[in-house]
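Asker:
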Amino acid sequence: MGKKMLSRIKINQSIRLNIFVFFSILSLICTVEAKTEPYNIIWVMAEDIGQDLECYGMKGVKTPNLNRLAKEGTLYTNCFVTNSICSPSRSAMMVGASQNTFDAQHHRSNRDKPLPTPLMPMTYWLREQGYTAILGHEKVFNYGMKVDCNFKVDTFGEYDGVSKFGLFDKKLSFTSDDQPFYNHIQLKVTHRGDWWADIRDKSKAPVKLDEIELPPYMADTPEIRYDWACYLDTIEYADMEVGLLMEDLKSKGLYNNTIIIFIGDNGRCNIRGKGYLYDPGVRVPLIVWAPGLVEAGKLNDDLLSTLDITASIVDLSGSAVPDYMTGTPFIGKPVTSKKEFIHSARDIWDEVDECSRLIRDKKFAYIKNYMPQVSLDAKQAYLDLNRPAVHVMRDLKDKGKLKVNEKAFFEENKQVEELYDIERDPHQINNLANNPEYKRVLATMREREAGWKQNNVDFGLKDLNKRQPGTVKAKVVWDWLKVNKPEIISDFKRGKLMKSQQLSKKVTLEIKQQQK
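Numbering (the numbering used here), first residue to last: 8 to 523.
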């Protein structure tokens with residue numbers, strides 16, 4: 008081949024390359040210029056749900072709409088809440104900082120106390136950018152309007168943090184005139200409630216008991232399988248609700264300009280779940296559906312905190328992320344500095360005083376129990392009214408029939424420190440804190456926990472010696488039943504799934520009548 012021919016080939020290759028680069032840059036510029044309108048953002052928050060979706064590999068459950076979101080968006084496998092109970096977790100997400108740093112760590116506390124300066128709720132920053140803040144949606148069970156923050160708020164109205172405390176502008180529906188909008192939607196159906204058995208009874212294809220797989224720390228009995236199946240039935244119902252939301256977006260012509268974020272507010276309400284710092288309590292599903300901003304069909308195992316979601320939403324609105332927000336925006340932009348670990352906490356929940364801290368990296372989970380004298384099975388009234396498995400397993404324990412993996416939950420005391428190798432022991436059964444082979448790992452996790460305390464004011468540790476858990480309605484109801492209705496207590500102890508809300512109302516009325 009002659010020199011002229013080679014030269015001509017090189018020139019043609021160079022021209023083609025330059026043309027390709029030119030049109031690639033032009034395409035990017037056009038995309039950016041075309042995207043002049045801000046995205047609408049919908050944050051769907053399912054209550055009390057672990058990574059128990061079909062797209063996460065949970066057996067027995069079908070979640071086609073969430074599967075689709077994951078297929079067209081990104082599914083995150085390592086997202087953690089900052090507290091395993093709803094109101095502290097939601098408080099942190101609404102503000103963008105750990106609840107323990109602004110005295111919101113105790114369940115349903117400080118409801119009359121404004122946020123300290125300079126903290127503001129997330130919706131304040133969105134509204135500053137012209138967003139309409141919408142709460143709930145007319146197509147979801149009981150309309151999805153739960154807020155549940157441990158600081159002074161009003162549901163609707165303006166917010167200045169001094170005399171005005173409104174979080175949202177409107178409720179239940181969005182229109183094209185609301186754009187750009189932020190819609191905060193709560194899926195209540197997965198929360199423990201009287202509706203669980205009803206949803207199963209009305210399902211055309213209820214979850215089959217022989218298709219589910221229980222974790223190894225739970226006893227395998229018909230009662231526990233039935234309760235687990237009811238939980239998965241509610242997840243399928245929530246999946247249906249997600250489908251309705253997507254159809255609503257399409258019907259209103261808003262489908263192509265809206266980001267959907269699906270998450271749980273804390274883990275499943277069962278043994279080692281809600282209220283505990285094991286993965287079933289703090290590791291939640293996270294799916295981000297944002298065509299063009301996240302990679303479609305990708306599984307992402309980066310460590311994420313729910314605080315990163317708050318920061319991302321504020322960033323997507325066009326607002327600068329305020330300094331007090333500790334999360335890192337990750338939607339639509341590369342994350343150059345990835346987290347080494349996350350921090351989570353557990354403090355007072357109803358009548359149970361508790362104080363534990365979690366340091367979790369990709370491989371290990373470290374739990375520091377500041378109140379080891381409080382058993383995991385603290386016999387909390389709310390859980391006794393709503394968690395059949397614990398009654399069945401207590402009975403098996405009394406009869407000496409629990410397996411080794413099932414017994415730890417019922418020990419009188421917790422270990423002061425717990426360390427688990429998640430890769431080898433995903434269900435966190437074998438505590439390695441006293442294993443000399445893991446001495447270095449333990450030292451690293453201790454340093455991280457100490458460092459977090461040094462860099463942050465932890466109000467949960469600050470008030471450790473002067474706490475006063477309150478007497479809650481569930482405790483009053485449970486104590487009354489034990490004295491006046493032992494036959495109902497017997498139903499609970501047999502693992503029967505009871506309509507506890509209906510029962511609580513009846514008991515409350517009877518107590519009032521007795522007091523007259």
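Cβ atoms here follow ideal geometry from the backbone N, Cα and C, with glycine treated the same way.
(1) Where does Q508 sit, in a helix, a strand or coil, going by DSSP?
(2) Go through its chain and collect everything with a Cβ distance to E218's Cβ below 8 angstroms, but skip five positions before and after it.
(3) Would you mind reading off the limits of the alpha helix (DSSP H) that contains H398?
(4) Please give me, in chain order, every unbroken run of the alpha helix (DSSP H) with length at least 4 that falls completely inside the stretch 474-520.
(5) Which whole-angstrom value describes the C-beta separation of I231 and G57, a residue pair presumed to lie in contact below a C-beta threshold of 8 angstroms?
(6) Comparing alpha-carbon positions, which option in G325, S91, Q112 and S324 lies nearest D470?
(7) So within the stretch 106-147, which uninterrupted alpha helix (DSSP H) runs reach at least 4 residues, ignoring any that extend past its ends?
(8) Please identify the residue among I496, M505, D59 and D322 whose C-alpha is closest to the C-alpha of G271.
(9) Mind reading off the beta-carbon distance from A352 to M332? Whole number of angstroms is fine, and I expect it under 8 angstroms.
(10) List the endpoints of the continuous alpha helix (DSSP H) containing L239.
(11) Excluding the 5 residues preceding and the 5 following K94 in the sequence, name in chain order all residues of the same chain whose CB lies nearer than 6 angstroms to its CB.
(12) Per DSSP, Q193 forms a beta bridge with which residues?
(13) Given this structure, state the Cα-to-Cα distance separating G467 from D354, to the nearest angstrom.
(14) Along the chain, where does the beta strand (DSSP E) that runs through G271 open and close?
(15) Thinking C-alpha only, which one of N442, K195, L293 and M505 is nearest L76?
(16) If I'm right that G143 touches G151 with Cβ under 8 angstroms, what's the distance once you round it to whole angstroms?
(17) Measuring alpha carbon to alpha carbon, tell me which of E517, D391, G288 and F337 ends up nearest S363.
(18) Apply the 10 Å Cβ neighbour rule to L24 and answer buried if 16 or more other Cβ atoms are within range, or exposed otherwise.
(19) Please work out which residues of its chain come closer than 6 angstroms, Cβ to Cβ, to I436, disregarding the five sequence neighbours upstream and downstream, and give them in chain order.
(20) For the alpha helix (DSSP H) containing A372, list its first residue and its last residue.
(21) With a 10 Å radius around its C-beta and 16 neighbouring C-beta atoms as the bar for buried, classify R431 as buried or exposed.
(22) DSSP state of D161, grouped into three classes?
(23) Can you tell me which residues form a DSSP beta bridge with I316?
(24) To the nearest angstrom, how far is the alpha carbon of K195 from that of I316?
(25) Using the Cα positions of D428 and S507, report the straight-line distance between them to the nearest angstrom.
(26) Give me the residue from K171, N273 and Y238 with the minimum Cα distance to K69.
(27) Straight-line CA distance for K519 to H350?
(28) Helix or strand or just coil, what does DSSP make of V154?
(29) In the DSSP output, which residue or residues are listed as bridge partners for E424?
(30) Using three-state DSSP, classify K523 as helix, strand or coil.
(31) Three Cβ pairs or more, each shorter than 8 angstroms: is that satisfied between the stretch 257-267 and the stretch 200-211?
(32) Please classify V102 as buried or exposed, where buried requires at least 16 neighbouring CB atoms within 10 angstroms.
(33) Taking DSSP as the reference, what is the three-state secondary structure of T84?
Answerer: Taking the definition as stated:
(1) Against the sequence shown, residue 508 aligns to sequence position 501. In this structure, Q508 counts as helix in the three-state DSSP scheme.
(2) Taking the sequence shown and counting its residues from 1, one reaches residue 218 at position 211. Taking E218 as the centre and dropping the five residues before and after it, the same chain places the C-beta of K66 and G67 closer than 8 angstroms to its C-beta, in chain order.
(3) Residue numbering aside, residue 398 sits at position 391 when the sequence shown is read from its first letter. For H398, the uninterrupted alpha helix (DSSP H) run begins and ends at P395 to D405, by DSSP.
(4) Restricted to the stretch 474-520, the alpha helix (DSSP H) segments that are unbroken, complete and at least 4 residues in length are 480-491 and 493-500, listed in chain order.
(5) The count along the sequence shown starts at 1 and reaches residue 231 at position 224. The count along the sequence shown starts at 1 and reaches residue 57 at position 50. Not a contact, Cβ separation roughly 16 angstroms.
(6) Residue 470 sits at position 463 when you count from the first residue of the sequence shown. Measuring C-alpha to C-alpha distances from D470 to each of G325, S91, Q112 and S324 identifies Q112 as the nearest.
(7) Those alpha helix (DSSP H) runs which fall completely within the stretch 106-147 and span 4+ residues are 129-135.
(8) For this step, residue 271 is matched to residue 264 along the sequence shown. Nearest of I496, M505, D59 and D322 to G271, Cα basis: D59.
(9) Your numbering for residue 352 matches position 345 in the sequence shown. Your numbering for residue 332 matches position 325 in the sequence shown. Not quite, the Cβ-Cβ distance comes to about 18 angstroms (not below 8 angstroms), so this is no contact.
(10) For this step, residue 239 is matched to residue 232 along the sequence shown. Annotation: the continuous alpha helix (DSSP H) that includes L239 extends over P229 to S258.
(11) Taking the sequence shown and counting its residues from 1, the one referred to as residue 94 is at position 87. In the sequence under discussion, the amino acid at residue 94 is Ser, which differs from the Lys named in the question. Closer than 6 angstroms at Cβ, skipping near neighbours: H114, R115, D155 and N157.
(12) Position 186 of the sequence shown, counting from 1, holds the residue named residue 193. Assignment of beta-bridge partners to Q193 by DSSP yields M52.
(13) Taking the sequence shown and counting its residues from 1, the one referred to as residue 467 is at position 460. Taking the sequence shown and counting its residues from 1, the one referred to as residue 354 is at position 347. So the two alpha carbons sit approximately 7 angstroms from each other.
(14) Here residue 271 refers to the residue found at position 264 when the sequence shown is read from its first residue. Element bounds for G271: T265 to G271.
(15) One-based indexing of the sequence shown puts residue 76 at position 69. Here the closest residue by C-alpha is L293.
(16) Residue 143 sits at position 136 when you count from the first residue of the sequence shown. Residue 151 sits at position 144 when you count from the first residue of the sequence shown. Rounded, the Cβ-Cβ distance is 4 angstroms, consistent with contact.
(17) Taking the first residue of the sequence shown as position 1, residue 363 is located at position 356. Minimum Cα distance to S363 is reached at G288.
(18) Here residue 24 refers to the residue found at position 17 when the sequence shown is read from its first residue. In this predicted model, L24 has a pLDDT of only 45, less than 50, meaning its place in the structure is not dependable; the value taken from the coordinates is given anyway. Burial call: exposed.
(19) As a working note, residue 436 is residue 429 in the sequence shown. Closer than 6 angstroms at the Cβ level, and outside the excluded window around I436, lie N412.
(20) On the sequence shown, position 365 is the one that residue 372 refers to. Judged by DSSP secondary structure, A372 falls outside any alpha helix (DSSP H) and instead within the beta strand (DSSP E) spanning F371 to N376.
(21) Against the sequence shown, residue 431 aligns to sequence position 424. Sixteen is the threshold: since fewer than 16 other Cβ atoms of the shown chains lie within 10 Å of the Cβ of R431, the residue is exposed.
(22) Reading the sequence shown from its first residue, position 154 is the one you call residue 161. Under the three-state reduction of DSSP output, D161 falls in the strand class.
(23) Position 309 of the sequence shown, counted from the first residue, corresponds to residue 316. As far as DSSP is concerned, I316 takes part in no beta bridge.
(24) Residue 195 sits at position 188 when you count from the first residue of the sequence shown. Residue 316 sits at position 309 when you count from the first residue of the sequence shown. If I take the Cα positions, the gap works out to 20 angstroms.
(25) Walking along the sequence shown from the start, residue 428 turns up at place 421. Walking along the sequence shown from the start, residue 507 turns up at place 500. The straight-line gap from Cα to Cα measures roughly 37 angstroms.
(26) Walking along the sequence shown from the start, residue 69 turns up at place 62. Nearest to K69 by alpha-carbon distance, out of K171, N273 and Y238, is Y238.
(27) For this step, residue 519 is matched to residue 512 along the sequence shown. For this step, residue 350 is matched to residue 343 along the sequence shown. For K519 and H350, the distance between alpha carbons rounds to 43 angstroms.
(28) Your numbering for residue 154 matches position 147 in the sequence shown. Residue state, collapsed to three classes: coil.
(29) Reading the sequence shown from its first residue, position 417 is the one you call residue 424. Bridge partners of E424: K375.
(30) By 1-based counting over the sequence shown, the position of residue 523 is 516. K523 falls in the coil class under three-state DSSP.
(31) Not touching, per the Cβ criterion.
(32) As a first step, residue 102 is located in the sequence shown; it is residue number 95 there, counting from the start. V102 should be labelled buried.
(33) Translated into the one-based positions of the sequence shown, residue 84 becomes position 77. Annotated three-state conformation of T84 is strand, per DSSP.
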